[in-house]
Each structure stands twice: as C-alpha cells, then as structure tokens.
Amino acid sequence: MVLAGRVPLLPAPLPTRRGATSARRSRLPRAGAAHGRLSQPPTEARAADSQPQPLSAGGGAAAIAFPASSLGGAAAAAAAALTAPLPSIDGARAALHGAATAAKAAAAPAAAAAKKAVAAGDLAPRVASALVLGAAGAGVVAAGGLPFLAAATLLAFQASREYFGMVAARDAARGAEPAPPVVAAAATALCVGFAPAVALAGVKAGAALCVSSFALLALTVVASARPTFGQLTSAVFGLLYCGFLPCFWVQLRALPGPVAGAAPASVGLAATLAAVLCVVAADTGAYFAGRAVGRTKLTDISPKKTVEGAAAGAACSVAAALALRGLLGWPGGAAAAAGFGAVMFVSSIFGDLIESIIKREAGLKDSGNLIPGHGGLLDRFDSYMFSGAIAWVLATALP
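Mapped onto the UniProt record's numbering, the consecutive letters of the sequence shown carry residue numbers 1 to 399.
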C-alpha cells in the first residue's frame, strides 16, 4: 500500500538492457548529424575522408584538419625551398681568389720596399767583409811562404770546427748518435797538421790522407759505443774537405819558375792569383746578376742560385782569366786561359753546392757566424775548397 504524500519504500525498477542501450544512444549525438558521413555510402565516405576539413576552434576531429588551399601553399613553398639552387662553390672560390689577389696586389709595394731594405741592409756588411778579406788575402798571396802557410792552416782549423759542428747538428736532427767529441777533436788536429806536414816536412798529401784516415776510423770504432757508417764517412770526408784540399793551395803557391808577363811573378804566384780572382769574379758576377735578372732556378740544393746568375758567373770567370793572362803571361795561350777560367767557375759553383748540401742535412742556414754578412768561414770559402786542387793540376799541366 502506498500512502499518499509519502515516498515509496521500494526502489524503482532497474532499466532493462534494451532500455539502457536506447538511453545511451539517445545521449550521444548522431553520427550522421555530427559528421555527415555515416549516412553516406562507403564510396562517398572515403571521398569525404580524403578531403581536409577546416580548422575548428571547437576541437574534435575537425581540429586537426587544414584547408586545401593552405596545404597547397605550404607544399609549394617546401618544394621551392628544396629545389632552390645552392650557392655555387666555384663562385665562392672565385670570390675568395679575387679577394686574395687584390690583397696581395695592395701589399706588393710594401713587401717589395721591405725586401729591398732588408737586402740593402744585408749587402753593406757583406761588401765590407769582402773588402777586408780581399785586402788580407791579397797580402797573404803576394807574400807566400810562411804567411801563406799560416793562413792555410788557420783556414783548415776553422773549417774543420764548423764542419764537425754541422755534422753534430745533422746527427741531432736525425736522432742519430753523434760521434764522440774526441773524434771531432782528433779530426781537427789532423786537418791542422796537413798543410805544415806537406809544406815543411815534405810529406806527400796522398800519403798523409791515407794514414790520417786510418787513424781517425780506428779512433771512431774504439771510442764509439755503437759506431755507425755515418760516423765513419763523415769523419773521413771531414779530413778530405778541411785538411787535404787546403794543402793544394800551399802547393800551388809554391810552384817555381818565372812567367813571361808584364809583371814579374813566379808560376805559383800567377796561378794562385788567377785561381783566386777567377773564383772572386765567378761569385761576384753570379751574385749580382742573379739578384738583378735571375728568374730560372738552377737547382733545388740552393734555391737562390739561378741559371742567369750562373751564366754571368761563368762569363766573368773567363773574362778574368783572359785579363790576367795579358798581365801575368799565364797561361800561355788565350784558349788555355779561357779554359782555366771555365774550369775555375765549375769548381767554385760545385764547392758552393756541396757545402749547401751539408748545411741542408744539418738543418742550418749558415755554417757559423764568424764573418758579418756571410756567416761562417765555410760560407765564404766554400767556392775555394776544391778550386785549389784543380788549379794545381792545371798549373802543372798547362804551359
């Protein structure tokens, strides 16, 4: 019984499954009304899905769609960006090259002026040293005898010191073990003794070289913990280069016999003056001509030497020999004088190149710093090292 005005005590009956389903459907919006697709045939629905929907502020599925016109514009912009040509590498390279060329051209006058200033600064002490050495050398050559022997001995002493110093620097640069100091000291002593032994004691230069070479090689083997072939060869070449070769200048100056020239002189004096002045002429002509017109590199051994400078040096050497022939009367014929000048040029330039090889192996620019503007003694006298021996051979063979 239900009393009027009272709440029924029994719960209301639960809805049936069919009723619940109907209720849920009634609460959801109809797909056809919301999307306008479910009521369409499948083909039309797929066509509708393929079309982008407008962006909606209300969210839902329409919030992730874009207008067709926007997508087309974005795609066109992306395609244009991808197909746009990249900056040309050749163009950039040409621009950089042009800028570098312009900068180099702008800096060329200043660089040339600086180079000329440096060259002028280097030339002054070079010329001053050459004049002093030339005056001293002329006096020693004219005197002959003991003064000439003393000069040759001093040259051998300083040359051997510089040479074995370069050998030690070469070994250090290569990471090789240098020869013991006692070997260099013994080699220097042997080089100093060559000229006096030949000039005063009458020892044959060849015999002195053989005996001293054996003594130095034996000392190298005994004094070195692990003697190397490089140590042996550098020691023997040092004896030849700094001791044996200067002896021939002493023997050349000592050649007897008068010459039939305008100035009274012996064969030894005439031949020594001719050899020295031919080397001076060759060096001077090659130096100044190479600086003025030198363009073609002569050899990689000495990059500053040029073909033009060498040609000028050869011409100057031959001219000096011909001029001295008229003054001293030696050699007897013009052809012999021209040949003597040409051979002196060859010996001088190869003496220079050989010393350049030694310096390059040692990683040095100069053999020392004894002579201002020139470097070491070998830097100034490298052209004379082989010239004395060759001049002695020619002087004993030519009339």
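Even for Gly, the Cβ is constructed at its ideal location relative to N, Cα and C.
Straight-line gap, residue i to residue j (C-alpha atoms, nearest Å)
i	j	result
Met385	Pro246	7 Å
Pro125	Ile390	31 Å
Ala286	Pro303	13 Å
Leu232	Lys359	19 Å
Ala208	Val293	45 Å
Val279	Ala187	28 Å
Ala235	Pro147	28 Å
Lys305	Ala143	34 Å
residue 400	Glu308	The structure shown does not extend to residue 400, since the chain is modelled only from 1 to 399, so the question has no answer here.
Asp283	Arg291	12 Å
Phe381	Val221	31 Å
Ala397	Ala337	13 Å
Ile357	Gly313	21 Å
Phe237	Leu131	31 Å
Leu252	Trp392	5 Å
Asp300	Arg325	36 Å
Leu239	Ala94	58 Å
Ala205	Leu123	38 Å
Ala119	Gly373	At Ala119, the pLDDT of 49 sits below 50, so the modelled position is not reliable; the number obtained from the coordinates is stated separately. Between Ala119 and Gly373, the C-alpha separation is close to 11 Å.
Gly332	Gly202	29 Å
Ala223	Arg161	19 Å
Gly165	Ala159	10 Å
Phe288	Ala311	12 Å
Leu217	Ala321	41 Å
Glu355	Val346	14 Å
Val211	Gly351	25 Å
Ala184	Phe229	16 Å
Gly134	Asn369	18 Å
Ala323	Val127	23 Å
Val198	Ser317	30 Å
Ala225	Val192	27 Å
Pro258	Ile371	36 Å
Pro227	Glu361	20 Å
Under 8 Å between C-beta atoms of residue i and residue j
i	j	result
Val276	Gly137	yes
Leu353	Ser367	no
Leu243	Leu200	The question names Leu, yet the displayed sequence has Gly at residue 243. Taking 8 Å as the Cβ cut-off, Gly243 and Leu200 do not qualify as a contacting pair.
Leu154	Pro196	no
Thr272	Val141	yes
Val167	Leu219	no
Phe214	Ala156	no
Ala172	Pro178	yes
Ala254	Trp330	no
Leu328	Ala281	no
Test: residue i CB closer than 8 Å to a CB of chain B
i	result
Glu361	In summary, chain B is missing from the structure at hand, where a single protein chain is found.
Top-ranked residue by Cα proximity to residue i, from the options
i	options	result
Ser387	Leu133, Gly341, Ala311 and Gly363	Gly341
Ala334	Ala319, Ser348 and Leu239	Ala319
Gly339	Gly373, Gly351 and Ala395	Ala395
Gly363	Arg325, Gly175 and Phe157	Gly175
Ser383	Ser348, Gly375 and Leu240	Ser348
Trp249	Ala152, Ala289 and Gly376	Ala152
Lys365	Ala169, Ala128 and Ala185	Ala169
Gly139	Ala310, Ala205, Phe288 and Leu269	Leu269
Gly376	Thr101, Ala94, Leu123 and Ser129	Ser129
Met344	Ala315, Gly134 and Phe164	Ala315
Val145	Pro256, Glu355, Phe350 and Val346	Reading the sequence as shown, one finds Gly at residue 145 and not Val. Cα-wise, what sits closest to Gly145 is Pro256.
Tyr241	Glu361, Tyr163 and Ala225	Tyr163
Start and end residues, alpha helix (DSSP H) containing residue i
i	result
Arg325	Val307 to Leu328
Asp352	Ala334 to Ala362
Gly193	Pro181 to Ala199
Thr284	Val267 to Val293
Gly388	Ser387 to Ala397
Thr153	Gly145 to Arg174
Asp379	Leu377 to Phe381
Closer than 7 Å: residue i CB and nearest the ligand MG heavy atom
i	result
Gly363	Because no ligand of any kind appears in the structure shown, any question about the ligand MG cannot be addressed here.
**Message:** I'd like the ranges of any alpha helix (DSSP H) spanning at least 4 consecutive residues and lying wholly in the stretch 214-263.
**Reply:** 229-239 and 245-253
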